[in-house]
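Peer 1: Pasting a structure below so you can have a look.
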Amino acid sequence: MNDMSHAPQPVQTNPHVRLASRVVRIADLFRSSARQTEEARRVPASHIEALRGIGYFDVVKPRAFNGKGGDFAELVEANIELSAACASTGWVAGLLSAHQWLLAMFPEQAQADVWGENPDALLCGSYAPVKMAEAADGGYRLSGKWAFASGCENAQWSLCAAILPPKGEGKPVPAFLLVPASEYVIEDTWHVVGLAGTGSKTLVLDDVFVPEHRVLTFPDATSGHTPGGRYYAHEGLFNMPLLTGIPSCLAAAGVGAAKGALAAYVDHVGGRVTRGAVAGGNNRMAEFPTIQLRVAEAAASVDAACEILLRDVSRAQALAQSRIEGRSEFTVDDRLLSRRGQSFAVSLSLRAVQALNDSTGGVGLDLANPVQRAWRDANAVGRHISMNWDAVGTMIGQSMLGLEPKGQY
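Okay, so the sequence shown: first residue is 76 according to our numbering, each after it adds one.
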């Protein structure tokens with residue numbers, strides 16, 4: 076008989092229990108297999124199904140397609156908890172869930188194309204518009220390679236960014252184009268030191284036709300004025316600008332990694348004694364002031380990062396609701412504030428994992444060490460262009476000094 080004593084127990088999807096609490100109840104599944112997820116270089120299907128069972132992919136999905144259509148901050152909060160157990164799983168699951176929200180920005184027919192055939196369909200994405208789409212009768216054609224498609228082996232569709240050719244006297248426009256998994260192959264290009272389990276591989280497309288209704292332009296998405304937003308005209312959730320939402324889920328992976336590192340560090344150091352002849356043997360590490368300061372710094376950094384991230388995404392949804400009710404407008408400064416908070420939250424997370432990892436000693440060199448893994452994962456988050464403080468911080472400074480901000484907002 077199989078021993079099921081350690082199997083994760085089903086968690087009821089209670090709409091009155093926040094998603095983060097449901098994640099915590101099954102977090103051991105992700106934490107105990109974090110190293111295996113890294114080695115597999117992809118998130119296992121069992122993780123996706125466990126998350127589906129607690130409603131992870133429904134929280135910001137439209138109610139019209141059997142989603143919850145709820146609170147984006149609830150997803151970000153849950154993604155912090157998930158990433159504390161396994162940052163690779165958090166990165167992928169956060170994106171797959173947030174892409175349910177992004178799909179709701181597309182025309183209604185595009186949403187029906189995806190969810191009508193498969194109500195549980197998930198979408199990966201490759202955001203850099205480095206390829207030019209070719210105009211075709213009724214739509215566009217795509218050929219080439221789309222890199223960094225996190226969770227592509229867990230998805231049934233992809234959002235492939237490309238440049239649309241100009242219409243008339245207009246200019247070329249970057250856009251997302253929806254492509255089903257049957258229309259591309261996955262090239263195994265993901266061999267990395269951080270977020271190794273995200274399976275962020277490359278999609279290869281060969282003359283794929285994308286109908287016009289499966290296209291969403293970047294200007295529409297980043298402004299919050301989208302075809303889907305007009306369809307959900309009374310719901311602030313679906314009228315938020317793109318970059319107030321998606322990068323918040325990415326940042327949550329870094330914040331969660333730091334939170335998980337802190338818990339693992341305290342658990343380990345609390346009962347550890349030194350062995351070194353220089354420091355003297357049999358001294359409790361918890362009694363070293365330097366260790367105490369590292370724990371305090373990491374705790375304060377993680378706490379501040381969580382507060383900033385959740386505050387800003389809640390504010391963005393409230394502003395979007397206010398705008399559609401005609402009480403205010405969502406300004407460029409509002410969008411920049413979201414970008415500042417997302418990136419700075421990751422900076423705080425990097426500060427936390429650095430403080431902890433620097434003092435793990437020889438045991439911290441083991442690839443299975445959770446503090447070291449979190450350090451690698453958080454640094455991988457920080458290298459994403461949307462999270463990089465040098466890129467985002469200069470953009471914020473430009474705006475504050477009266478210059479035109481140059482960057483993504």
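Where a beta carbon is used, it is the ideal one built from N, C-alpha and C, also for glycine.
Skipping 5 residues on each side, what residues in its chain have a beta carbon closer than 6 Å to that of Arg-426?
Peer 2: Ser-376
Peer 1: Tell me Val-248's beta-bridge partners as DSSP assigns them.
Peer 2: Looking at the DSSP assignment, Val-248 forms a beta bridge with Leu-239.
Peer 1: Between Ser-201 and Leu-317, which are expected to be in contact by the criterion C-beta below 8 Å, what is the C-beta distance as a whole number of angstroms?
Peer 2: Not confirmed; about 15 Å, so no contact.
Peer 1: Pairs of beta-carbons, one from the segment 453-471 and one from the segment 413-431, closer than 8 Å: are there three or more?
Peer 2: yes
Peer 1: Who does Arg-216 pair with in a DSSP beta bridge?
Peer 2: Glu-209 and Phe-284
Peer 1: Exposed or buried, which one is His-309 when buried takes at least 16 other CB atoms within 10 Å?
Peer 2: exposed
Peer 1: If you count every other CB in all the chains shown that lies within 10 Å of the CB of Glu-152, and 16 or more means buried, which is it?
Peer 2: buried
Peer 1: Secondary structure at Pro-294, three-state DSSP: helix, strand or coil?
Peer 2: helix
Peer 1: Quick one: using the 10 Å Cβ neighbour count with 16 as the cut-off for buried, is Arg-386 buried or exposed?
Peer 2: Counting the other CB atoms within 10 Å of its CB gives Arg-386 a total below 16, which places it among the exposed residues.
Peer 1: Buried or exposed: which applies to Thr-112, given that a residue is buried once 16 or more other Cβ atoms fall within 10 Å of its Cβ?
Peer 2: buried
Peer 1: Pick helix, strand or coil for Ser-60, following the three-state DSSP scheme.
Peer 2: This structure cannot settle anything about residue 60, because the visible part of the chain is limited to 76 through 484.
Peer 1: Is the distance from the Cβ of Gly-320 to the Cβ of Phe-147 below 7 Å?
Peer 2: By the CB criterion at 7 Å, Gly-320 and Phe-147 fall inside the cutoff.
Peer 1: Sort out for me which residues DSSP pairs Ser-233 with in a bridge.
Peer 2: Paired residues: Cys-199 and Val-254.
Peer 1: Spatial neighbours of Phe-223 within its chain, please: CB distance less than 7 Å, with the 5 preceding and 5 following residues excluded, ordered by chain position.
Peer 2: Ser-201 and Ser-275
Peer 1: Out of Leu-178, Gln-483 and Leu-239, which one is the CA nearest neighbour of Val-205?
Peer 2: Leu-239
Peer 1: Answer with buried or exposed for Asn-444, where buried requires no fewer than 16 other C-beta atoms within 10 angstroms of its C-beta.
Peer 2: Sixteen is the threshold: when 16 or more other Cβ atoms of the shown chains lie within 10 Å of the Cβ of Asn-444, as they do, the residue is buried.
Peer 1: Quick one: what does DSSP say Val-86 is sitting in, helix, strand or coil?
Peer 2: Because Val-86 carries a pLDDT of 42, less than 50, the predicted location of this residue cannot be relied on, and no value is offered for it.
Peer 1: Take Ala-210 and list the residues in its own chain whose beta-carbon comes closer than 7 Å to its own, dropping the five residues that flank it on each side.
Peer 2: Pro-240
Peer 1: Confirm, please, whether the CB-CB distance from Pro-137 to Ala-179 is below 7 Å.
Peer 2: yes
Peer 1: In this structure, how does DSSP classify Arg-347 when only helix, strand and coil are distinguished?
Peer 2: coil
Peer 1: Three or more beta-carbon pairs under 8 Å between the segment 212-231 and the segment 106-124, yes or no?
Peer 2: yes
Peer 1: Contact check, Trp-166 vs Ala-328 under 8 Å by CB: the rounded distance?
Peer 2: 4 Å
Peer 1: Who are the Cβ neighbours of Ala-449 in its own chain at under 6 Å, not counting the five residues just before and after it?
Peer 2: Within the same chain, Ala-449 has close Cβ partners Ala-332, Gly-335, Ala-336 and Val-428.
Peer 1: Specify the secondary structure class of Glu-310 as computed by DSSP and reduced to three states.
Peer 2: coil
Peer 1: So what does Glu-262 bridge to, in DSSP terms?
Peer 2: Thr-277
Peer 1: Can you tell me which of Glu-382, Phe-132, Ala-466 and Ala-162 puts its alpha carbon nearest to the alpha carbon of Leu-325?
Peer 2: Ala-162
Peer 1: Measuring CA to CA, which of Thr-435, Ala-379 and Ser-413 is closest to Asp-342?
Peer 2: Thr-435
Peer 1: Thinking Val-348 and Met-360 are a contact (beta carbons under 8 Å), I'd like their distance in whole angstroms, please.
Peer 2: 7 Å
Peer 1: Counting only beta-carbon separations shorter than 7 Å, does Ala-466 have a partner in chain D?
Peer 2: This model lacks chain D altogether; it includes just one protein chain.
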